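J.: Mapped onto the numbering used here, the consecutive letters of the sequence shown carry residue numbers 1234 to 1484.
Every residue, glycine too, gets a C-beta built ideally from N, C-alpha and C.
Computed from a prediction, not measured in an experiment: that's the story for all the values here.
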Amino acid sequence: MHNPADGGRPERAEGGSRWLDAKDDNGDRAQDVHAPSIGSDTVSARIERVVTSGTFCLDGGSWEVDNNVWLIGDDDEVVVIDPAHDAAAVLNAIGDRAVAAVLCTHGHNDHINAVGDVAAKTAAPVLIHPDDDAFWSTVYPDRQPDGWLADGQEITVAGTTLRVLCTPGHTWGSVSLYAPDLAAVFGGDTLFQGGPGATGRSGSDFPTIIESIRDRLLTLPADTTVHTGHGPTTTIGAEAPHIDDWICRGQ
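1) Within the chosen definition, does the region 1387-1395 reach the region 1362-1372 through at least 3 CB pairs nearer than 8 Å?
2) Quick check: the Cα distance between T1441 and F1289, rounded to an integer number of angstroms?
3) Please classify D1448 as buried or exposed, where buried requires at least 16 neighbouring CB atoms within 10 angstroms.
4) Mapping the DSSP letters down to three states, classify G1399 as helix, strand or coil.
5) Spatial neighbours of A1326 within its chain, please: C-beta separation below 7 Å, excluding the five flanking residues on both sides.
6) Just the Cα atoms here: how many angstroms apart are D1477 and K1354?
7) So H1203 packs on G1293, CB below 8 Å; how close in whole Å?
8) Please list, in chain order, all residues of the same chain as W1405 whose beta carbon is under 6 Å from its beta carbon, the five residues on each side excluded.
9) Is DSSP giving R1279 helix, strand or coil here?
10) Taking the CB atoms as reference points, tell me whether A1431 and T1458 lie closer together than 8 Å.
11) Less than 8 Å separating the beta-carbons of L1451 and S1409?
12) CB-CB under 7 Å to I1480, same chain, minus the five flanking residues each way: which ones, in chain order?
13) Looking only at its chain, what residues have a beta carbon closer than 7 Å to the beta carbon of G1470, apart from the 5 residues adjacent to it on each side?
14) Can you check the region 1362-1439 for any beta strand (DSSP E) of at least 3 residues that lies completely inside it and give the ranges in chain order?
15) By the three-class DSSP mapping on this structure, what secondary structure does A1334 have?
16) Check whether the Cβ atoms of I1314 and V1298 sit closer than 8 Å, and answer yes or no.
17) Along the beta strand (DSSP E) that carries G1306, what are the first and last residues, could you check?
18) Would a C-beta distance cut-off of 8 Å place S1445 and T1423 closer than the cut-off?
19) Helix or strand or just coil, what does DSSP make of T1467?
20) Considering I1480, what are the terminal residues of the alpha helix (DSSP H) in which it resides?
21) What distance in whole Å lies between the Cβ atoms of V1323 and A1357, which are believed to be in contact at a cut-off of 8 Å?
22) Quick one: Cα of D1414 to Cα of V1312, how far?
23) Could you check which residue in D1343, N1342, P1378 and H1341 has the C-alpha nearest to that of A1352?
24) To the nearest angstrom, report how far apart N1342 and G1349 are at their CA atoms.
25) Would you call W1381 buried or exposed, if buried means 16 or more other Cβ atoms sit within 10 Å of its Cβ?
26) Is the beta carbon of G1462 closer than 8 Å to that of T1338?
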């Protein structure tokens, strides 16, 4: 198992609301399990989703949201992406498996507010991009992450590699996690079914999110499944034809 926190803490880098309804079409909150088969070889790692509910707070506003928490791994170990709101539900999904890492796609409170409890119970290292350290510190003023995510970094779990793609725009430190073996990318709030994530709030920028989507995500294979931070999944191929429409409508 690769230890994503090896090498210590890196130095800090210098440096409209299109959320869509976070409920699934059928309102189901049960855990989903996907075991992809790529070509003739079955991938041992699987993708699991836990939907949790809570409050997103930013710039003096608050919104009730449902979040997708993603687990990638097998019967022995997993990584957890964006544990939100309900640590007990996430820990129940983890069960007795080892947690190789807790990975944060960005620092908004609704994506990290269960990180502390999950990490404490599992002794897993927590990683986030340094450009979202300010968001992190509003939720965890007395706890630092265990390491920083960097573009091109690779984290291996259950024989599957997750590659970090820096995709700023929704926040300056937003990242996506690409798993080529699973034909999947975990985009946080960068790309949804129907368009980019919200901009127009602190730490966000519409031209930047468009650039991230165009240059980092839409260049992935068309059949890549986009596992989002809220709401239903989509594919790169389904979203790519619409980028000019998104630019025209703006944030």
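T.: Looking at the atomic coordinates:
1) no
2) To locate residue 1441, count along the sequence shown from 1; it is residue 208. To locate residue 1289, count along the sequence shown from 1; it is residue 56. Computed Cα separation, rounded: 22 Å.
3) Counted from its first residue, the sequence shown places residue 1448 at position 215. The residue in question, D1448, is exposed, as its Cβ has fewer than 16 Cβ neighbours within 10 Å.
4) One-based indexing of the sequence shown puts residue 1399 at position 166. The sequence given here places Cys at residue 1399; Gly does not occur at that position. Residue state, collapsed to three classes: strand.
5) As a first step, residue 1326 is located in the sequence shown; it is residue number 93 there, counting from the start. Counting only Cβ-Cβ distances below 7 Å, and skipping sequence neighbours, we find Q1264, E1281, V1283 and L1304.
6) Residue mapping note: residue 1477 aligns to position 244 of the sequence shown, counting from 1. Residue mapping note: residue 1354 aligns to position 121 of the sequence shown, counting from 1. D1477 and K1354: Cα-Cα distance of roughly 45 Å.
7) With the chain running from 1234 to 1484 in the structure shown, residue 1203 is simply not present.
8) The residue you call residue 1405 lines up with position 172 of the sequence shown. D1364 and G1436, listed in sequence order.
9) Locating residue 1279 in the sequence shown gives position 46, counting from the first residue. Reduced to three states, the DSSP call for R1279 is strand.
10) As a first step, residue 1431 must be located in the sequence shown, where it is residue number 198. As a first step, residue 1458 must be located in the sequence shown, where it is residue number 225. Annotated as distal: A1431 and T1458, with beta-carbon spacing of 8 Å or more.
11) Here residue 1451 refers to the residue found at position 218 when the sequence shown is read from its first residue. Here residue 1409 refers to the residue found at position 176 when the sequence shown is read from its first residue. For L1451 and S1409, no; Cβs fall outside 8 Å.
12) Translated into positions along the sequence shown, residue 1480 becomes position 247. Excluding residues within five positions, the ones whose Cβ falls inside 7 Å are I1443.
13) Position 237 of the sequence shown holds residue 1470. Cβ within range, chain order: A1455 and D1456.
14) 1387-1390, 1393-1399, 1408-1412 and 1417-1421
15) As a position in the sequence shown, residue 1334 is number 101, starting the count at 1. Of the three classes helix, strand and coil, the one that applies to A1334 here is strand, per DSSP.
16) Here residue 1314 refers to the residue found at position 81 of the sequence shown. Here residue 1298 refers to the residue found at position 65 of the sequence shown. Not in contact: I1314 and V1298 (Cβ atoms no closer than 8 Å).
17) Position 73 of the sequence shown, counted from the start, is the residue given in the question as residue 1306. G1294 to G1306 is the span of the beta strand (DSSP E), which, as asked, contains G1306.
18) Position 212 of the sequence shown, counting from 1, holds the residue named residue 1445. Position 190 of the sequence shown, counting from 1, holds the residue named residue 1423. In this structure, T1423 lies closer than 8 Å to S1445 by Cβ.
19) By 1-based counting over the sequence shown, the position of residue 1467 is 234. Here T1467 sits in strand by DSSP.
20) Your numbering for residue 1480 matches position 247 in the sequence shown. Looking at the DSSP string, the run of the alpha helix (DSSP H) that includes I1480 is I1476 to R1482.
21) To locate residue 1357, count along the sequence shown from 1; it is residue 124. To locate residue 1323, count along the sequence shown from 1; it is residue 90. The pair is not a contact, with the Cβ atoms about 11 Å apart (cut-off 8 Å).
22) As a position in the sequence shown, residue 1414 is number 181, starting the count at 1. As a position in the sequence shown, residue 1312 is number 79, starting the count at 1. Cα-Cα distance, rounded: 15 Å.
23) Residue numbering aside, residue 1352 sits at position 119 when the sequence shown is read from its first letter. That would be P1378, whose Cα lies nearest to the Cα of A1352.
24) Numbered from its first residue, the sequence shown carries residue 1342 at position 109. Numbered from its first residue, the sequence shown carries residue 1349 at position 116. When rounded, the distance between both Cα atoms is 12 Å.
25) In the sequence shown, counting from the first residue as 1, residue 1381 sits at position 148. Note on W1381: 16 or more other CB atoms within 10 angstroms of its CB, so buried under the neighbour-count rule.
26) Sequence index remark: in the sequence shown, residue 1338 carries index 105 (1-based). Sequence index remark: in the sequence shown, residue 1462 carries index 229 (1-based). Result yes, Cβ atoms of T1338 and G1462 sit closer than 8 Å.
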